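These notes are about the structure you will find just below.
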Amino acid sequence: MTNTRKYVRHPSDIPINVSSIGTEHPGQMQDLSLGGICCEVKHNIEIGTKIVINIPIVKPAYRGFGVVVWCRPEGDHYDIGIQFQEEAEAFKSRMIEQVCQIEHYKLQVQETEGRKLDGESAALEWIHKHAAEFAAQIGE
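The sequence shown begins at 4 in the numbering used here and counts up one residue at a time.
Written out as structure tokens, the structure reads:
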């Protein structure tokens, strides 16, 4: 990751699993950029550890690879920064971001308006309302 990275804020309720050799660390995604992911986990993960990233909420489930580039204690958890290992992950991260935002929108509409949207309806509404804003944030 570079100093010029731009993050789009993620809803903190998007689940993520990061795995190192033989150990799975469930957590919550915090930020996503073209260079990597910031997430919250319960245990320290050493800098330089190779990680498998799983985001089960997207269909099909996202699976990517990265390396821990920083890890900071934050109260009862750790915030970790994971840098993507491949350029192709940057493109996938944009798609993941949009799918996660749509999923969050679907849940928000159900809670605030009482409407239960299927995935396609939620996507159409979200794109109509937020796609331009999303593209502007990514392009900054």
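C-beta: ideal position from N, C-alpha, C; glycine also.
These numbers were taken from a predicted model, which means no experiment stands behind them.
{"Item": "Alpha-carbon to alpha-carbon, GLY25 and HIS13", "Value": "Residue placement at HIS13 is flagged as unreliable, the pLDDT there being 45, under the threshold of 50; a coordinate-derived value is accordingly withheld."}
{"Item": "Cα-Cα separation, ALA126 to MET32", "Value": "20 Å"}
{"Item": "Test item: CB-CB of GLY84 and CYS41 under 7 Å", "Value": "yes"}
{"Item": "Contact check, VAL102 vs ILE56, beta carbons under 7 Å", "Value": "no"}
{"Item": "Cα-Cα separation, SER36 to LYS132", "Value": "22 Å"}
{"Item": "Inter-residue Cα distance where the pair is GLU106 and VAL61", "Value": "8 Å"}
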